[in-house]
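Worksheet for the structure shown next.
Residue numbers (our numbering): 43 to 410.
Take a look at the structure:
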């Protein structure tokens with residue numbers, strides 16, 4: 043039996059090619075938070091609320107962070123994870139980064155810090171037209187025509203800083219046996235995010251704070267629910283994101299004149315069903331996202347979204363994934379290879395579709 047307190051580490055490196063979601067993101071408060079992180083989750087259509095069993099739980103469901111020491115394929119205890127993700131446009135204009143560091147403590151408590159960043163550097167700023175020069179003068183007199191030489195450059199930087207705390211509790215077997223069942227007892231996981239959003243555009247800056255709560259309930263054996271064996275396990279995930287008021291301010295404008303944008307409450311509900319099919323693991327996922335606001339004039343991003351995902355392990359080392367996000371198909375592949383007793387590599391690929399172009403995700407996770 044492995045020692046649950048042994049020191050182990052997980053290093054994740056994610057490379058993304060041509061992020062179409064980043065290309066087409068609308069201009070609203072917190073838009074960069076809708077892009078998603080993690081190739082496995084994105085290949086499953088983002089239906090990850092009821093799973094969230096890696097460091098990306100800081101984004102999908104903070105309760106899942108309590109599973110950091112869990113690795114179902116290798117049965118090894120991996121108590122620390124570091125994930126890095128980077129995306130950039132082919133033109134070099136615009137980039138997206140994700141960094142997360144998490145640690146499962148000796149107690150049921152897990153801690154993590156994550157940073158999501160999206161930005162565009164060197165945005166050219168051109169001088170305005172002289173109102174004393176008519177359009178005719180600019181057309182017929184060369185010296186009055188614009189040179190299209192930038193007067194300077196500005197940057198657009200959006201950041202989200204999140205501190206995550208999670209814990210787990212498993213019902214004691216002696217209590218669970220009182221219900222007349224010999225199945226594995228349920229496990230309850232709870233987590234919260236303390237989040238700060240900061241946006242800097244030229245001389246304008248904005249900031250806001252939020253508190254998110256997550257819950258995961260694992261029923262590893264449905265024998266206790268339906269009174270039969272061989273029906274696999276079920277997980278329920280709930281993720282509530284609080285309203286965030288993002289206040290814009292300018293150093294040359296009084297604070298009383300600041301502008302405020304509001305990101306409304308959002309609730310994410312998810313189900314995950316796990317069973318053995320042809321002696322291989324099958325995972326079925328469903329997530330629904332709905333704004334908790336009663337307003338009927340919400341932008342489309344806040345309306346109900348249904349996400350589906352399916353993962354099937356062809357072998358101990360290979361997994362296939364398909365999904366659907368906002369009625370658009372996604373897919374992915376997961377590969378695991380062991381270099382030594384102390385080094386395991388997990389490579390994940392995900393593909394999502396978009397109005398502009400498809401997006402390819404490749405992730406490498408080192409476990410040691």
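Heads up, the beta-carbon is just placed ideally off N, CA and C, and yes, glycines get one too.
For the pair of segments examined, the stretch 142-154 was found to touch the stretch 96-105: the number of CB pairs separated by less than 8 Å reaches three. The alpha-carbon of residue 128 is positioned some 11 Å away from that of residue 136. The residues 227, 228, in chain order, have a CB closer than 7 Å to that of residue 213 in the same chain once the five nearest residues on each side in sequence are set aside. With 16 or more other CB atoms across the displayed protein chains lying within 10 angstroms of its CB, residue 353 is buried. Classified as buried, residue 314 has 16 or more neighbouring CB atoms from the shown chains inside 10 Å of its CB.
DSSP, reduced to helix, strand and coil, places residue 123 within a strand of the structure shown. Beta-bridge analysis with DSSP links residue 377 to 360, 389.
Linking residue 360 to residue 386 through their CA atoms gives a straight-line distance of about 14 Å.
Closest option to residue 73, judged by alpha-carbon separation, among 158, 197, 396, 392: 158.
Linking residue 323 to residue 357 through their CA atoms gives a straight-line distance of about 9 Å.
Out of 169, 109, 174, 365, the CA that lies nearest to the CA of residue 211 is found in 109. When the beta-carbon positions are compared, residue 252 and residue 198 stay at least 7 Å from each other.
When C-beta atoms of the stretch 276-287 are compared with those of the stretch 241-252, three or more pairs fall below 8 Å, so the two segments count as touching. Residue 125 and residue 245 have their alpha carbons spaced roughly 32 Å apart. Assigned with DSSP and collapsed to three states, residue 111 falls in coil, not helix or strand.
Per DSSP, residue 81 is one residue of the alpha helix (DSSP H) stretching across 81-85. Residue 142: member of the beta strand (DSSP E) spanning 137-146, first to last residue. Residue pairing from DSSP places residue 254 in a beta bridge opposite 235, 283.
Taken atom to atom, the span from the alpha-carbon of residue 233 to that of residue 402 is near 30 Å. The shortest CA-to-CA distance from residue 307 to any of 92, 389, 332, 366 is the one to 332.
Listed in chain order, the non-local C-beta contacts of residue 241 below 6 Å within the same chain comprise 200, 248, local neighbours out to five positions each way being set aside. Shown here, residue 171 sits in coil according to DSSP, grouped into three states, outside any helix or strand. Closest option to residue 257, judged by alpha-carbon separation, among 409, 208, 365: 208.
Nearest to residue 349 by C-alpha distance, out of 80, 88, 82, 78, is 88. Here DSSP, grouped into helix, strand and coil, assigns residue 99 to helix.
Taking C-beta atoms as the reference points, residue 260 and residue 277 count as a pair closer than 7 Å.
The Cβ-Cβ distance between residue 351 and residue 316 does not fall below 7 Å. Restricting attention to 347, 407, 180, the CA atom closest to the CA of residue 172 is found in 180. Rounded to the nearest whole angstrom, the C-alpha separation of residue 192 and residue 291 is 25 Å. Here DSSP, grouped into helix, strand and coil, assigns residue 177 to helix. In this chain, the alpha helix (DSSP H) harbouring residue 216 covers 215-218.
For residue 138 against residue 165, the beta-carbon gap comes to about 16 Å, at or over 8 Å, which does not count as contact. Between residue 111 and residue 146 a beta carbon distance of about 4 Å is seen, short of the 8 Å cut, so the two are scored as contacting. In the structure shown, the three-state DSSP call for residue 184 is helix. Secondary structure at residue 264: coil, using DSSP grouped into helix, strand and coil.
Taking a contact as a CB-CB distance under 8 Å, the pair residue 85 and residue 372 counts as one, their CB atoms being some 6 Å apart.
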